[in-house]
Structures are given as structure tokens and as C-alpha cells.
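Per this note's numbering, residue 14 is the first one in the sequence shown, and the count goes up by one each step.
For glycine and all other residues, C-beta sits at the position ideal for the given N, C-alpha and C.
Notes follow the structure.
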Amino acid sequence: MTGTGPDRSARARLRALRPESFGAEPAGERLARIRRSPHFADGAFRNPEEARRGPSGSALDLARTFFEKESRARRAPSGVIPVHPTTVADLARPAATGLRITWLGHSGVLAETDGVRVLFDPVWGERCSPFPFAGPRRLHPAPAPLAVLGPVDVVVISHDHYDHLDLPTIKALAGTGTLFAVPLGVGAHLEHWGVPAARLRELDWHESTEVGGLTLTATPARHFCGRAIRNRQHTLWASWSLRGPHHRIFHSGDTGYFRGFRDIGAAHGPFDVTMIQIGAYSAFWPDIHMTPAEGVRAHLDLQGGAPGGVLLPIHWATFNLAPHPWAEPGEWTKDAADEAGQAVALPRPGEPFEPAGTLPSSPWWRTHSAPFPTPWRRPEPVEFSGPAFLRDLDLADGR
Numbered sequence: 014m015t016g017t018g019p020d021r022s023a024r025a026r027l028r029a030l031r032p033e034s035f036g037a038e039p040a041g042e043r044l045a046r047i048r049r050s051p052h053f054a055d056g057a058f059r060n061p062e063e064a065r066r067g068p069s070g071s072a073l074d075l076a077r078t079f080f081e082k083e084s085r086a087r088r089a090p091s092g093v094i095p096v097h098p099t100t101v102a103d104l105a106r107p108a109a110t111g112l113r114i115t116w117l118g119h120s121g122v123l124a125e126t127d128g129v130r131v132l133f134d135p136v137w138g139e140r141c142s143p144f145p146f147a148g149p150r151r152l153h154p155a156p157a158p159l160a161v162l163g164p165v166d167v168v169v170i171s172h173d174h175y176d177h178l179d180l181p182t183i184k185a186l187a188g189t190g191t192l193f194a195v196p197l198g199v200g201a202h203l204e205h206w207g208v209p210a211a212r213l214r215e216l217d218w219h220e221s222t223e224v225g226g227l228t229l230t231a232t233p234a235r236h237f238c239g240r241a242i243r244n245r246q247h248t249l250w251a252s253w254s255l256r257g258p259h260h261r262i263f264h265s266g267d268t269g270y271f272r273g274f275r276d277i278g279a280a281h282g283p284f285d286v287t288m289i290q291i292g293a294y295s296a297f298w299p300d301i302h303m304t305p306a307e308g309v310r311a312h313l314d315l316q317g318g319a320p321g322g323v324l325l326p327i328h329w330a331t332f333n334l335a336p337h338p339w340a341e342p343g344e345w346t347k348d349a350a351d352e353a354g355q356a357v358a359l360p361r362p363g364e365p366f367e368p369a370g371t372l373p374s375s376p377w378w379r380t381h382s383a384p385f386p387t388p389w390r391r392p393e394p395v396e397f398s399g400p401a402f403l404r405d406l407d408l409a410d411g412r
């Protein structure tokens with residue numbers, strides 16, 4: 014007797030208990046394609062440069078940093094963060110220059126470029142978490158209801174962490190007829206949530222697809238993936254280059270700094286605007302998120318080594334995902350960009366701007382934040398001093 018039947022029944026019951034928000038594991042031809050990828054080896058996708066996914070340093074030090082009373086106070090604004098009040102009315106007018114960018118909070122951006130409307134990493138949910146009752150909660154409301162944002166030609170997803178791939182948002186968009194461009198493997202989640210396979214463009218690094226005259230290319234990033242407790246690293250993470258007849262834009266997704274930004278810039282740049290992750294950094298995980306100075310450096314690499322185009326900081330001010338003060342990334346990105354002579358856009362969530370026009374530059378966060386030390390100071394890396402098994406611990410909140 015092998016007990017196979019009861020074992021199968023137990024597995025089926027466990028699958029039935031799996032939260033819908035966990036998504037689905039790639040299978041069939043999708044999994045076969047993943048295994049053929051040159052970036053997949055030994056059962057997992059590999060980073061372009063080695064990167065530790067979990068916390069370095071002592072687990073006790075990490076917990077103390079997160080829960081220390083003064084630190085927690087600095088990580089929340091004094092009051093609700095203001096959003097731009099006329100987002101919908103602003104977006105009803107055509108972009109005068111053919112390129113308009115609207116930061117919607119965190120990594121969500123609506124890019125209107127060369128007549129195509131592209132929505133990056135949309136998260137309208139109240140929490141970035143597998144559960145509606147727990148996990149990091151929004152620090153500001155969505156600048157506009159998703160339903161009145163207007164038609165979107167393509168939704169671009171950088172990776173499957175909860176603060177970038179949001180179940181209720183994807184379900185709402187699934188019924189609109191829009192296309193979805195996603196990294197390899199992420200399509201399994203979207204199909205599980207009701208997106209038809211015919212509306213998926215699922216790409217490996219360096220692969221491209223065409224949407225309305227735009228060329229969308231999945232480019233490398235230095236991060237990781239996973240939504241469930243058991244993370245098999247079977248979905249890819251990516252940055253994205255978009256090239257149209259008149260404009261070029263770049264979205265970093267989540268990434269640590271790596272030398273490959275120079276190669277991306279040489280192949281696809283220079284860019285009119287880059288949307289660069291500069292928040293949720295920490296000395297406890299220095300390889301998978303960029304600091305403000307690293308974000309500015311990445312932008313310069315993408316522009317061929319010199320200031321050019323416009324830098325839009327993203328991945329900050331919407332969710333508390335790291336020990337730093339909530340507004341620190343904005344303040345210190347402004348410092349680093351000013352020092353480099355680089356133009357930087359600092360909109361409130363929901364405030365549209367055209368990179369070729371007047372840029373929003375007011376440090377709006379200062380009215381809701383304590384002062385910061387200047388100039389920017391890089392946190393010193395923390396050496397690991399805990400049990401060996403914690404070195405590769407997946408971070409449960411989706412960082």
C-alpha cells in the first residue's frame with residue numbers, strides 16, 4: 014500500500030485552502046519555456062549580478078530597527094499625504110508634447126506616450142499583502158478611481174510582489190480588454206485571476222513586443238520574486254524599456270544597482286524620462302533595492318553617463334516597507350540629483366507632468382515630515398551575524 018490516493022486527497026484539500034491572492038504556479042508549456050530560459054538555472058531564475066534576497070545582519074537588530082518607537086513614528090506622515098486634486102480633469106486633455114507622465118503612488122505610473130496609454134505596476138488595493146486585514150496599508154488614497162482613469166492600451170507589470178501585482182486591481186482591469194505585458198511566468202497569476210491568455214504578452218529579458226507602435230522590451234533587473242510561503246523562483250522580474258516613434262521611457266521595477274544599466278542605456282536609451290525605484294532601501298538588504306544615490310547613478314548610466322532626460326523617483330511615499338523615514342527617499346533623491354546636475358520631477362501622487370515642459374519640483378512632503386539631515390548619507394552595510402538559515406529568508410511583505 015502506497016497511500017497515494019489519500020496523499021492526493023490531502024494535497025487537493027491544501028490547494029483548496031490556498032488564498033487566491035497567492036496566484037498560480039507556472040505549469041505546462043509556460044513552465045517548459047521558463048526552463049529553456051538562459052536566465053534560469055538549477056531550478057530558479059538568476060540575477061544579472063549576485064544578490065542576497067533576505068536580511069543581512071542580526072535578525073534581532075532588524076526587528077529592533079523596525080519596531081523601535083521613534084523609528085516607527087518617522088515612518089508615518091503627520092496626517093494623510095496630499096494627492097493631486099484634479100487628476101481626472103488633467104488627463105482628459107491631450108498631452109501637448111506627446112509624452113505625459115502621471116505618478117499614481119508607489120511604482121504605479123500612467124505614461125501617455127506617442128498616442129499609447131501605458132499603466133505600470135498599478136496597485137489600487139488598500140494593503141500590499143495576501144490578506145485584506147493585514148500588511149502594509151496605504152499612506153495616501155489612490156489619486157483617482159481606477160474606473161475613471163480612462164482606457165489603457167497595455168498594463169506593464171515588473172514582477173509579482175504584492176506591492177506591484179495587486180489582485181483586486183488586476184481583476185478590475187481584466188474586464189476592460191487591455192493587454193498585459195509581464196515577465197516570464199507572471200502570466201500564470203493573471204490567467205488564474207481571469208485574464209485571457211490571448212491578452213498576455215509574456216517576455217523573457219531582452220524580448221520585445223509591439224503595442225500600438227510602441228516597442229516594449231523586458232530588460233534585466235536585480236531583484237527576486239514570489240507571492241506564496243514557498244517561493245520557487247519560477248517567475249521573472251524585469252525593468253522595462255518603451256520606445257515609440259518620438260519618445261523613449263524606462264521603468265526600473267524593483268532592483269538593486271548593477272552594472273547592466275549601462276548596457277540597457279546603450280541598447281535602448283537615452284530616455285526622455287526614467288522611472289527609478291529609490292525607496293524601501295536598507296543596509297539589511299543592500300542588493301535588491303536602490304538608495305537615492307544609486308537611483309541617480311542608475312539614471313545617469315541609462316543616459317550614457319551624463320545628465321539627461323528627466324528622473325522620476327518611484328517606490329516611495331505610499332507604503333511603509335523599510336526602516337527609513339517615509340519621506341527620506343524624496344528628500345535625498347532631490348539632494349543627489351541636484352548634486353549631479355540632473356533634472357528630477359517631484360510630483361505629488363496623481364500630478365501629471367510633461368518631461369519637455371515645466372517639472373514639478375516643490376518638496377511637498379516637508380509639511381508632513383520631520384526635517385532630514387543633509388546632504389544624503391549612505392547607510393553602512395550590515396554584516397550578517399545571525400543563524401545561517403536566515404541569510405536567504407524570503408521577506409514576507411513582498412520586498
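Whole-angstrom C-beta distance between residue j and residue i, which should lie under 8 Å
i    : j    : result
T126 : L227 : 7 Å
R310 : G282 : With a Cβ gap of about 15 Å, R310 and G282 do not count as contacting.
R235 : F271 : 5 Å
F263 : W250 : The Cβ separation is near 15 Å, so there is no contact.
A185 : L159 : 6 Å
Host alpha helix (DSSP H) of residue i (start-end)
i    : result
F274 : G273 to H281
E352 : E341 to A353
L359 : Element bounds for L359: n/a, residue is neither H nor E.
L315 : P305 to L315
T371 : Taken as a continuous stretch (DSSP letters only), T371 belongs to no alpha helix (DSSP H), as it is neither H nor E.
A7   : Residue coverage of the chain in this structure runs from 14 to 412, which leaves residue 7 outside it and unanswerable.
I47  : G41 to R49
Under 8 Å between C-beta atoms of residue i and residue j
i    : j    : result
P164 : R113 : no
L152 : F332 : yes
H328 : I277 : no
P373 : P360 : yes
P143 : S254 : no
T248 : M303 : no
L313 : I289 : no
P170 : V136 : Looking at the sequence shown, residue 170 is not Pro but Ile. Cβ atoms of I170 and V136: not closer than 8 Å.
V224 : L192 : yes
P233 : S221 : no
P10  : E344 : Residue 10 lies beyond the stretch modelled for the chain, which goes from 14 to 412, so this question has no answer here.
V421 : V161 : Here the chain covers residues 14 to 412 and nothing more, so residue 421 does not appear.
R65  : D348 : no
D179 : G207 : no
W378 : A306 : no
G36  : R240 : yes
H259 : G56  : no
P61  : G273 : yes
Span of the beta strand (DSSP E) around residue i
i    : result
L249 : Careful: L249 lies outside any beta strand (DSSP E) and carries neither H nor E.
L123 : G121 to T126
L104 : L104 -> not in any beta strand (DSSP E); alpha helix (DSSP H) instead, spanning T100 to L104.
E223 : S221 to V224
R261 : R261 to H264
L227 : L227 to T232
L112 : L112 to G118
T287 : V286 to Q290
P326 : V323 to I327
L159 : Unbroken run through L159: none, as it is neither H nor E.
R130 : V129 to F133
V168 : V167 to V169
Option nearest residue i by Cα separation, candidates the options
i    : options                   : result
P107 : R379, T371, A211 and E367 : E367
G121 : P95, A157, P32 and R65    : A157
A201 : S382, R379, A45 and G370  : A45
A501 : H236, A319, Y175 and A194 : The structure shown does not extend to residue 501, since the chain spans only 14 to 412, so no value can be given for it.
Q355 : S382, L315, R379 and A330 : L315
G321 : I301, A369 and W339       : A369
F133 : E139, R140 and L117       : L117
A293 : G308, L334 and P365       : L334
P338 : W298, A211, S382 and V357 : S382
W218 : H172, C141, A350 and E341 : H172
I94  : A105, R59 and R150        : R150
A358 : W378, G318, V286 and A330 : V286
P326 : A109, A319 and A340       : A340
A187 : A306, P32 and A211        : A211
G318 : T110, R275 and P39        : R275
A231 : G92, G198 and D166        : G198
T380 : S91, L229, G266 and W250  : S91
S265 : T99, H177 and H205        : H177
P145 : P181, R87, D103 and A54   : P181
P342 : F58, T99, L216 and R88    : R88
F53  : Q246, P209 and L229       : Q246
H119 : T99, G257 and A155        : A155
T371 : L229, A109 and G190       : A109
(message) Which runs of the beta strand (DSSP E) at least 3 residues long sit entirely within the stretch 194-218? Give them in chain order.
(response) 213-216
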